[in-house]
Amino acid sequence: MRKKIVTLCGFLGSGKTTLLRQLLDQYSDYKIGILLNDFGEIPIDGTILRESGEIQDEVLEIGGGSIFCACLKDSFVKALIQMSKTEAEIVFIEASGMADPAGIQRLLEFARLDTEYEPLCTICAFDPIKSMKLSHVLEVIPRQLRASDYVIMTKADLSSEEQKTEARAYITKTNEAAVICDSLPTLQGMTPRQHTETFISLSSFNTPDNKPESFTIESVNGSLHDFLGRVSADEHILRVKGYLRCDEQVFFISDNGTDYELKECQSQPVPLTVICMRGTSELVKERIFA
């Protein structure tokens, strides 16, 4: 029997890891495989989930871009081959926030892995504030929507009814076949969704030429408040997530679109990753370390 694949996509910081946690609960009686794809060179999400003790399953991590980009496709195929040899019944793929998963069916067929895997569905996390704001300037966001079977409206507590209504209209206009949900639907027992030939033939938008840039920061001088103020003011920054040392303390930092999740920690397992628009990393560094 082929292993089923559930792909999670969605822009940086839209809530994919939260959805992954919910999927792990939903499939707690199954043998699970997890493939985590971080955009930064140093994978972060796997470290976070391990630190919390939430994952005990087969886990593979790929950092440094999108697994659907030519620059990482070989690594992705090798990971799928490795996962195919495990006892996992269902494999959850958490793609990076800049990933366009449109070409997964073609990739499985090209790598001759369609005999091992069967895509069940693609789920997109959509933040009515941040995803909506950047959807008109970043092509990857509408591409993610077009490739998805389900679109989950995340960050509901941070969004107004007007913002959610606008987001729903945009999602429907972009992909009228997608099922829009306020929470993760029950997937157990469902059959794989049937895609049109047009969808199956799509190639991923991800290429080395449109890949954003990223860098890591281990520590900063001055106050954390001042540092976050400079980060917030820089329009070139797309995402910050990880652990930062400041004032002899370590903080876990993750932007949520409107503010920052902050948590004081005892150790620094990985540094803070900053993801920014292509061609802007040196300028961003100058600004935030000014």
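Remember, the numbering used here sits 869 above the position in the sequence shown when you count from 1. Note that the Cβ used here is the ideal one computed from N, Cα and C, for glycine as well.
Can you list, in chain order, the residues of its chain with a C-beta nearer than 6 Å to that of residue i? Leave out the 5 residues immediately preceding and following it.
{"i": "ILE950", "result": "none"}
{"i": "HIS1105", "result": "CYS1145, MET1146, THR1149 and VAL1153"}
{"i": "LYS873", "result": "ILE959, GLU987 and LEU989"}
{"i": "ALA980", "result": "VAL946"}
{"i": "ASN906", "result": "ILE931, ILE936, ALA964 and SER965"}
Let me know if residue i comes out buried or exposed under the rule of 16 or more other beta-carbons within 10 Å of its beta-carbon.
{"i": "THR1067", "result": "Its pLDDT being 40, under 50, THR1067 is placed unreliably by the model, and nothing is read from it."}
{"i": "GLN1013", "result": "buried"}
{"i": "MET870", "result": "exposed"}
{"i": "GLY1091", "result": "exposed"}
{"i": "CYS1115", "result": "buried"}
{"i": "THR984", "result": "exposed"}
{"i": "THR886", "result": "buried"}
{"i": "THR1160", "result": "The shown model of the chain, from 870 to 1159, leaves out residue 1160, and the question about it has no answer."}
{"i": "LEU892", "result": "buried"}
{"i": "PHE1158", "result": "exposed"}
{"i": "THR1023", "result": "buried"}
Helix, strand or coil: how does DSSP classify residue i here?
{"i": "GLU1130", "result": "strand"}
{"i": "GLY972", "result": "helix"}
{"i": "LEU904", "result": "strand"}
{"i": "VAL1119", "result": "strand"}
{"i": "THR1065", "result": "Because THR1065 sits at a pLDDT of 42, beneath the cut-off of 50, its placement in the model cannot be relied upon, and the point is left open."}
{"i": "SER897", "result": "coil"}
{"i": "GLY1098", "result": "helix"}
{"i": "LYS1024", "result": "coil"}
{"i": "THR1043", "result": "helix"}
{"i": "LYS1033", "result": "helix"}
{"i": "GLY932", "result": "coil"}
{"i": "GLY915", "result": "helix"}
{"i": "SER953", "result": "helix"}
{"i": "LYS873", "result": "strand"}
May I ask whether a heavy atom of the ligand GTP can be found less than 7 Å away from the beta carbon of residue i?
{"i": "THR1142", "result": "No copy of the ligand GTP occurs in the structure displayed, which carries no ligand at all."}
Which same chain residues, not among the five before or five after residue i, have their C-beta less than 8 Å away from its C-beta?
{"i": "LYS1080", "result": "GLY934, SER935, CYS938, CYS940, MET967 and ARG1147"}
{"i": "SER953", "result": "LYS872, LEU982, GLU985 and TYR986"}
{"i": "GLU1082", "result": "ILE1144, CYS1145, MET1146, ARG1147, GLY1148, THR1149 and SER1150"}
My guess is that residue i and residue j are in contact by the Cβ rule of under 8 Å, so how many angstroms apart are they, rounded?
{"i": "VAL1139", "j": "ILE911", "result": "5 Å"}
{"i": "SER1123", "j": "TYR1129", "result": "7 Å"}
{"i": "THR1043", "j": "PRO997", "result": "Going by Cβ atoms, the distance from THR1043 to PRO997 rounds to 14 Å, so no, they are not a contact pair."}
{"i": "LEU877", "j": "LEU889", "result": "6 Å"}
{"i": "ARG1015", "j": "ALA971", "result": "7 Å"}
Take residue i and list the residues in its own chain whose beta-carbon comes closer than 7 Å to its own, dropping the five residues that flank it on each side.
{"i": "ALA948", "result": "LEU904, LEU929 and ILE931"}
{"i": "ILE1086", "result": "LEU1113, PRO1140, LEU1141 and VAL1143"}
{"i": "CYS1134", "result": "TYR1112, VAL1119, PHE1120 and PHE1121"}
Mind the definition here: the stretch 989-1008 touches the stretch 1016-1030 only if three or more C-beta pairs lie below 8 Å; say whether that holds.
The answer is yes - the stretch 1016-1030 touches the stretch 989-1008, with three or more Cβ pairs under 8 Å.
Check whether the stretch 895-915 touches the stretch 996-1013, counting contact only when three or more Cβ pairs, one atom from each stretch, lie closer than 8 Å.
With fewer than three CB-CB distances shorter than 8 Å, the stretch 895-915 does not count as touching the stretch 996-1013.
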